[in-house]
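Trainee:
Residue numbers (my numbering): 53 to 151.
(1) Check whether the Cβ of residue 94 lies closer than 6 Å to any heavy atom of the ligand ADP, and answer yes or no.
(2) For residue 128, which residues in the same chain have their Cβ closer than 6 Å to its Cβ, ignoring the five residues on either side in sequence?
(3) Pick from 91, 106, 93, 90: whose alpha carbon is nearest that of residue 136?
(4) Confirm, please, whether the CB-CB distance from residue 139 to residue 96 is below 7 Å.
(5) Please tell me whether residue 134 and residue 100 are closer than 7 Å, where the distance is taken between their beta carbons.
Pasting the structure below:
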């Protein structure tokens, strides 16, 4: 029975290790079309409260970050209706998006 527990523990450790990112570089797209995130085209999504968020859709991966003023407050200008996305946020997709 101890051998089965050891094998199960080893399998769990192996599965969890596959979830970690190798290295410290968080500024790159490390999936099918590797490259720096700065090269991707961002659009803007307006949340239900009317605040802007940077958005990038890379096919299988997506990125979202609040759009902030220089003082750290969110950009909420009300120029675009809530729940709207606009801009070239799907530019450069390496994988077809079914949506």
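Just so it is clear, CB atoms sit at the ideal spot from N, CA and C, and this is done for glycine as well.
Mentor: Let's see:
(1) With respect to the ligand ADP, the structure shown offers nothing to examine, as it has no ligands at all.
(2) Close CB contacts of residue 128 within its chain, under the 6 Å cut and outside five residues either way in sequence, are with 102, 103 (chain order).
(3) Comparing Cα-Cα distances from residue 136 to each of 91, 106, 93, 90, the minimum goes to 106.
(4) In contact: residue 96 and residue 139 (Cβ atoms closer than 7 Å).
(5) Yes. Within cutoff.
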